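Protein chains: 2
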Amino acid sequence: MNPQKSSLMSVERVLIDGKWRVSSGSQIFQSVNPATRLPLPREYPVSPWAEVEQAILAAARASRAVRDVPGEVFAKFLERFAERIDARSGEFIATANQETGLPVEPRLKIAELPRTTNQLRQAAAAARDGGWSLPTIDTKTNIRSRLAAIGPVVVFGPNNFPYAFNSAAGGDFAAAVAAGNPVIAKGHSSHPSTTRLFAEEAFEAARETGLPPAFVQLIYRTSHEDGCRLVSHPAIGAIGYTGARATGLVLKEAADRVGKPIYLELSSINPICVLPGVLEERSDELAAEFSTSCLMGTGQFCTNPGMVLLLAGPQTESFVNAVRAKFESAPIGTMLSEGVLRNFESSIQALVAAGAEVLTGGQTGGGNGFSFRNTLLKVTGEKFLLSPHALQTEAFGNSSLFVIAKDEAQMLAVLDALEGNLTGAIYSAKDGQDDTLYSRIEPALRVRVGRLINDKMPTGVAVSPAMNHGGPFPATGHPGFTAVGIPASMRRFAMLQCYDSVRQHRLPPELQDKNPRPGLWRSIDGQWSQADVG
Amino acid sequence: MNPQKSSLMSVERVLIDGKWRVSSGSQIFQSVNPATRLPLPREYPVSPWAEVEQAILAAARASRAVRDVPGEVFAKFLERFAERIDARSGEFIATANQETGLPVEPRLKIAELPRTTNQLRQAAAAARDGGWSLPTIDTKTNIRSRLAAIGPVVVFGPNNFPYAFNSAAGGDFAAAVAAGNPVIAKGHSSHPSTTRLFAEEAFEAARETGLPPAFVQLIYRTSHEDGCRLVSHPAIGAIGYTGARATGLVLKEAADRVGKPIYLELSSINPICVLPGVLEERSDELAAEFSTSCLMGTGQFCTNPGMVLLLAGPQTESFVNAVRAKFESAPIGTMLSEGVLRNFESSIQALVAAGAEVLTGGQTGGGNGFSFRNTLLKVTGEKFLLSPHALQTEAFGNSSLFVIAKDEAQMLAVLDALEGNLTGAIYSAKDGQDDTLYSRIEPALRVRVGRLINDKMPTGVAVSPAMNHGGPFPATGHPGFTAVGIPASMRRFAMLQCYDSVRQHRLPPELQDKNPRPGLWRSIDGQWSQADVG
Numbered sequence: 331m332n333p334q335k336s337s338l339m340s341v342e343r344v345l346i347d348g349k350w351r352v353s354s355g356s357q358i359f360q361s362v363n364p365a366t367r368l369p370l371p372r373e374y375p376v377s378p379w380a381e382v383e384q385a386i387l388a389a390a391r392a393s394r395a396v397r398d399v400p401g402e403v404f405a406k407f408l409e410r411f412a413e414r415i416d417a418r419s420g421e422f423i424a425t426a427n428q429e430t431g432l433p434v435e436p437r438l439k440i441a442e443l444p445r446t447t448n449q450l451r452q453a454a455a456a457a458r459d460g461g462w463s464l465p466t467i468d469t470k471t472n473i474r475s476r477l478a479a480i481g482p483v484v485v486f487g488p489n490n491f492p493y494a495f496n497s498a499a500g501g502d503f504a505a506a507v508a509a510g511n512p513v514i515a516k517g518h519s520s521h522p523s524t525t526r527l528f529a530e531e532a533f534e535a536a537r538e539t540g541l542p543p544a545f546v547q548l549i550y551r552t553s554h555e556d557g558c559r560l561v562s563h564p565a566i567g568a569i570g571y572t573g574a575r576a577t578g579l580v581l582k583e584a585a586d587r588v589g590k591p592i593y594l595e596l597s598s599i600n601p602i603c604v605l606p607g608v609l610e611e612r613s614d615e616l617a618a619e620f621s622t623s624c625l626m627g628t629g630q631f632c633t634n635p636g637m638v639l640l641l642a643g644p645q646t647e648s649f650v651n652a653v654r655a656k657f658e659s660a661p662i663g664t665m666l667s668e669g670v671l672r673n674f675e676s677s678i679q680a681l682v683a684a685g686a687e688v689l690t691g692g693q694t695g696g697g698n699g700f701s702f703r704n705t706l707l708k709v710t711g712e713k714f715l716l717s718p719h720a721l722q723t724e725a726f727g728n729s730s731l732f733v734i735a736k737d738e739a740q741m742l743a744v745l746d747a748l749e750g751n752l753t754g755a756i757y758s759a760k761d762g763q764d765d766t767l768y769s770r771i772e773p774a775l776r777v778r779v780g781r782l783i784n785d786k787m788p789t790g791v792a793v794s795p796a797m798n799h800g801g802p803f804p805a806t807g808h809p810g811f812t813a814v815g816i817p818a819s820m821r822r823f824a825m826l827q828c829y830d831s832v833r834q835h836r837l838p839p840e841l842q843d844k845n846p847r848p849g850l851w852r853s854i855d856g857q858w859s860q861a862d863v864g
Numbered sequence: 331m332n333p334q335k336s337s338l339m340s341v342e343r344v345l346i347d348g349k350w351r352v353s354s355g356s357q358i359f360q361s362v363n364p365a366t367r368l369p370l371p372r373e374y375p376v377s378p379w380a381e382v383e384q385a386i387l388a389a390a391r392a393s394r395a396v397r398d399v400p401g402e403v404f405a406k407f408l409e410r411f412a413e414r415i416d417a418r419s420g421e422f423i424a425t426a427n428q429e430t431g432l433p434v435e436p437r438l439k440i441a442e443l444p445r446t447t448n449q450l451r452q453a454a455a456a457a458r459d460g461g462w463s464l465p466t467i468d469t470k471t472n473i474r475s476r477l478a479a480i481g482p483v484v485v486f487g488p489n490n491f492p493y494a495f496n497s498a499a500g501g502d503f504a505a506a507v508a509a510g511n512p513v514i515a516k517g518h519s520s521h522p523s524t525t526r527l528f529a530e531e532a533f534e535a536a537r538e539t540g541l542p543p544a545f546v547q548l549i550y551r552t553s554h555e556d557g558c559r560l561v562s563h564p565a566i567g568a569i570g571y572t573g574a575r576a577t578g579l580v581l582k583e584a585a586d587r588v589g590k591p592i593y594l595e596l597s598s599i600n601p602i603c604v605l606p607g608v609l610e611e612r613s614d615e616l617a618a619e620f621s622t623s624c625l626m627g628t629g630q631f632c633t634n635p636g637m638v639l640l641l642a643g644p645q646t647e648s649f650v651n652a653v654r655a656k657f658e659s660a661p662i663g664t665m666l667s668e669g670v671l672r673n674f675e676s677s678i679q680a681l682v683a684a685g686a687e688v689l690t691g692g693q694t695g696g697g698n699g700f701s702f703r704n705t706l707l708k709v710t711g712e713k714f715l716l717s718p719h720a721l722q723t724e725a726f727g728n729s730s731l732f733v734i735a736k737d738e739a740q741m742l743a744v745l746d747a748l749e750g751n752l753t754g755a756i757y758s759a760k761d762g763q764d765d766t767l768y769s770r771i772e773p774a775l776r777v778r779v780g781r782l783i784n785d786k787m788p789t790g791v792a793v794s795p796a797m798n799h800g801g802p803f804p805a806t807g808h809p810g811f812t813a814v815g816i817p818a819s820m821r822r823f824a825m826l827q828c829y830d831s832v833r834q835h836r837l838p839p840e841l842q843d844k845n846p847r848p849g850l851w852r853s854i855d856g857q858w859s860q861a862d863v864g
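Taken in sequence, the protein lines are chains A and B. Last residue of the first sequence: 864 in our numbering, with the numbers rising by one and none dropped. Last residue of the second sequence: 864 in our numbering, with the numbers rising by one and none dropped.
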């Protein structure tokens, strides 16, 4: 995957300013099939700065051109894009399977691709409706405001969801477009062909629906330095980034310095607290549920349950043993790439160095291609509290760490030592016996996670208007926003535009006295209403 | 105002962890009466880090203690606080007049103090209602979310609004408290006595309404280094800062590095575009309106019109001359402090060095105490475009810069070169003759300002639910938020809390099936509703 000098006629083209162009860059890279560890045949360019800048300037022009385009047009684009993806699903599935090693069924075909087109269709409905922009009218002062497109959005997609978080089709893309913004997609280097397919279909869908040709652009890779220049360019509106923490923080620093909103989804260990009554009621059921959730997708989910907090005792020992047995008998999956495997190895080493004991696994191999044995680790509450930072190292893969607290006070101390996470779950007895302990620990967990869950594993992230796929730093860069869930996720890619005493005919339709659409909700003098003003 | 060694028994106390304490610091400062240029008698401490840290830890405890406190209690606190301020208004007015030189009437007594207590009462109503938190319920998935208190908020107040933006009573304070957060107020060094009076009343109001004694705390001054440690402390939830750009950016960097939301209101030149038809219709009227707006409060408003963009021609020359005559005959006000005067002098020098010509004023003196002559500057569009950055230097005071474009294309180029601003106004003819030009320039201005205004000066900032007192960087740090306007300003001090499959009795009342208050609006399955679920 490291860039090489290009030969070459065969290098894939970048999509810039409405054209699939031969890149002016001289470096190339290839993706690798993680199941065979062999490079895939297509070569992809590393774009030099001049090319990145062309994309930025073209996006800025596209942003101006679509300024008065109604939400209906973005909706049609998103729907047409979804239809085109569906029509080419066979190729999408084969390509992503080759590039990621994720199984065709159920993962790619039954779960992730339908989720992705569903997400595009939900975004379309929200763009058409317009209520996402929270139109607010104060008749007494004749001041009106709404959220509106922020300008070109750069999306950096992660390695682990080739569809649902793809930079050219996933959640950030859908949210940015539905809010009216052109997107510059920066594909993840591990699945460039999948990303190229999306960009091809998005490009055609934009053409069919009359959006400017530069509305969607694609570059595959840049230098780190050019990545920082990209996110801090004056013409950029905002950035969505899902991926590794170190890279994300470098981009964040560059964007923050010039006041560009950057939304990060970085890392999370998703603690699960198992209260004692549950182990009395349904220990075996929970062991199965946990093992399935933790090993699904070879554990390569940002919501993977990476830490389980339990109270010491014989029932906890039985539970831990039951999970260990399941981890030992479960198949060992293929990891997304050599890089993921190497990071996983060093994270497990860091946890062990900090005092965690390996219960099972802990070694590379055992499966096809890039693989690592299903791994369980254990540490006491005392040890955790001695090295809370190191013992919260995210091990991105098929592993989890049991933290065994000696009593409730120590359980609470462990929770108080947690960093920000996307999710936190509490399993408690159905008969109410854990309710007192629940109410003691819930406040500590609540403020450290974006989504608090009862009696359910965190791995599923429903595309719901009430979802929060976000949370306090370092899980994300701002605890007020979510990356999943329409329409809330759209509000990240918007600026607040206020109109003070602006003449009626100059107002955007959503802020004029007459409600432009029968179903549109607006806040008029502090009350939500679907009526006209006055 | 520079810190000196303390003597001393007489130094004022800091409010930390529910007690008015003798500061452990050895440095002191005094405020200065800007009208007499003489130090005021009271001495105030510079708090050392240990003291700041005590405040942070006490605020964290207070934050945990108020977690389940209903909005009604914060409402009662805010209302009781407003009543107590009203009851002591004579002392507030005399003190702020001494510390700021702002006139008692109309400014302090008729305008700013009533605005401040009104703002506290609006925040109380929003806290009581609870709709600010956007409760969102998805019945299909049983996922529910709302915004909730983010944790202790540090508020840095500016020099120019001793009441309405005061760190212990102003807009950020009201918004943070109404959202359920304890506040650590960092008073502005130019009006510590005014801030102390607010903290005294807030402390008593908290006691009367049963909030924890550390709910409101006050420190007067810290070292710059300790300011950075304060905003980046793990126990802090968020920061509100209004003030000078350089200091704000240093704090922003410290907060950003650890993912703490920091909301800045930094600087703005508030461009006003005057289209040709207006000068035909009402040139004299506009000259009077502009001069009044620009010289009010000696121009020391963040929404002061610091730049006027016009098309070259004889009518523009007459208009400029009319404004010049008004500036020359208007009284010269007193500036807030020696520091403000020195910054103003150097900003005017920077504008002149960049090519601006002084039409009138341009020199220190002419009024009581710290003063500078009412100043008008002029520059051509050509020159502006040669040094757009330097010619956007904010001159915080009684001045404005006319930018004379040779034609419409140059006017548009000037607008395209603007940085982010809080406001932008367009004056156009009532008879429609300017409408074509309006529609050409509006898009460029729209994306560069938070509030777009027609035919009105920007200086008034109504406390309206639709207000945006915010805008793109460098006017603020994030274009999606407003510092003024309840309830939107409260959403800055909140985290998104999602509940996934959480049992009914464990949900906050706003997210339970039964609507806890008849008037509360909630989004249920995508529709705003005041009903119960189901």
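Cβ atoms here follow ideal geometry from the backbone N, Cα and C, with glycine treated the same way. Please read these numbers as outputs of a predicted model, since none were measured by experiment.
Which runs of the beta strand (DSSP E), 3 residues or longer, sit entirely within the segment 702 to 785 of chain A?
Runs of the beta strand (DSSP E) inside the segment 702 to 785 of chain A: 705 to 710, 729 to 735, 751 to 757, 779 to 784.
Euclidean distance between Cα positions of A/G517 and B/A441
54 Å
Looking at the unbroken alpha helix (DSSP H) that takes in B/A494, where does it start and where does it end?
Unbroken run through B/A494: none, as it is neither H nor E.
Residue span of the alpha helix (DSSP H) that contains A/V546, given as start and end
Premise fails: A/V546 lies in the beta strand (DSSP E), 546 to 549, not in any alpha helix (DSSP H).
Exposed unless 16 or more other CB atoms sit within 10 angstroms - verdict on A/H286
A question about residue 286 of chain A goes unanswered here, because the residues of chain A that appear run from 331 up to 864.
Strictly below 8 Å CB to CB, what residues from chain E border B/D862?
Going by chain labels, chain E is absent from the structure shown, which instead holds the protein chains A and B.
Alpha carbon to alpha carbon, how far is B/P364 from B/G573? Give it in angstroms, no decimals.
18 Å
Stretch-stretch touch, CB-based, cutoff 8 Å, three pairs: the segment 535 to 555 of chain B with the segment 394 to 411 of chain B:
yes
Integer-rounded CB distance, given that A/R822 should sit under 8 Å from A/P591:
7 Å
Is B/F811 close to chain A? Criterion is C-beta to C-beta, closer than 9 Å.
Chain A has a Cβ within less than 9 Å of the Cβ of B/F811.
Give every residue of the same chain whose Cβ lies closer than 6 Å to the Cβ of A/E668, excluding the five residues on either side of it in the sequence, and list them in chain order.
Result list for A/E668: F700, in chain order.
Quick check on the DSSP output: what are the complete beta strand (DSSP E) runs of length 3 or more inside the segment 457 to 521 of chain B, in order along the chain?
466 to 468, 473 to 479, 483 to 486, 513 to 516
Are the beta-carbon atoms belonging to B/L509 and B/V485 less than 9 Å from one another?
The question names Leu, but residue 509 of chain B in the sequence shown is Ala. No, the pair does not count as a contact, with Cβ atoms beyond the cut-off.
Does the distance between the C-beta of B/P522 and the nearest non-hydrogen atom of the ligand SAM fall short of 8 Å?
Annotation note on the ligand SAM: not contained in the displayed structure, which lists no ligands.
Helix, strand or coil: which one does DSSP assign to A/R672?
Under the three-state reduction of DSSP, A/R672 is assigned to helix.
Ranges of the beta strand (DSSP E) found wholly within the segment 616 to 666 of chain B, counting only runs of at least 3:
637 to 641
Specify, as a first and last residue, the run of the beta strand (DSSP E) that B/R852 falls within.
852 to 854
Just to confirm the assignment, what range does the beta strand (DSSP E) spanning B/K349 have?
349 to 351
Going along the chain, which residues of the segment 475 to 486 of chain A sit with their C-beta nearer than 8 Å to a C-beta in chain B?
Within the segment 475 to 486 of chain A, S475, L477, I480, G481 place their CB atoms closer than 8 Å to a CB of chain B, listed in sequence order.
Looking at A/S717: is its Cβ nearer than 9 Å to the Cβ of A/G685?
yes
Between A/P465, A/D765, A/F803, A/G856, which lies nearest to B/R587 when the distance is taken from Cα to Cα?
A/F803
As a quick exercise: from A/L548, A/S553, A/A544, A/K582, pick the residue whose alpha carbon is nearest that of A/V561.
Comparing C-alpha distances from A/V561 to each of A/L548, A/S553, A/A544, A/K582 shows the shortest one belongs to A/K582.
Contact residues within the segment 546 to 557 of chain A, judged by C-beta distance below 9 Å to chain B
none
DSSP puts A/L368 in a beta bridge; with which residues?
A/N363
Where A/A824 sits in the DSSP three-state scheme:
strand
Could you work out which residue in A/A585, A/F528, A/P543, A/F545 is closest to A/D556 when comparing CA atoms only?
A/A585
Please name the residues in the segment 822 to 834 of chain B whose beta-carbon is closer than 7 Å to at least one beta-carbon of chain A, in chain order.
Answer in chain order: A824, M825, L826, Q827, C828, Y829, D830, S831, V832, R833.
Relative to the C-alpha of A/V396, which residue among A/S377, A/L450, A/V507 is closest?
A/V507
Can you tell me where the alpha helix (DSSP H) holding B/T577 begins and where it ends?
575 to 587
Taking 7 Å as the limit between beta carbons, can you name the residues of its chain near B/A861, skipping five residues before and five after?
Excluding sequence neighbours, B/A861 sits near N845.
For A/L782, go through chain B and note every residue whose CB falls closer than 8 Å to its CB, in chain order.
Q827, C828, Y829, D830, V832
If you measure from the beta carbon of B/G460 to each beta carbon in chain A, is any gap under 9 Å?
no
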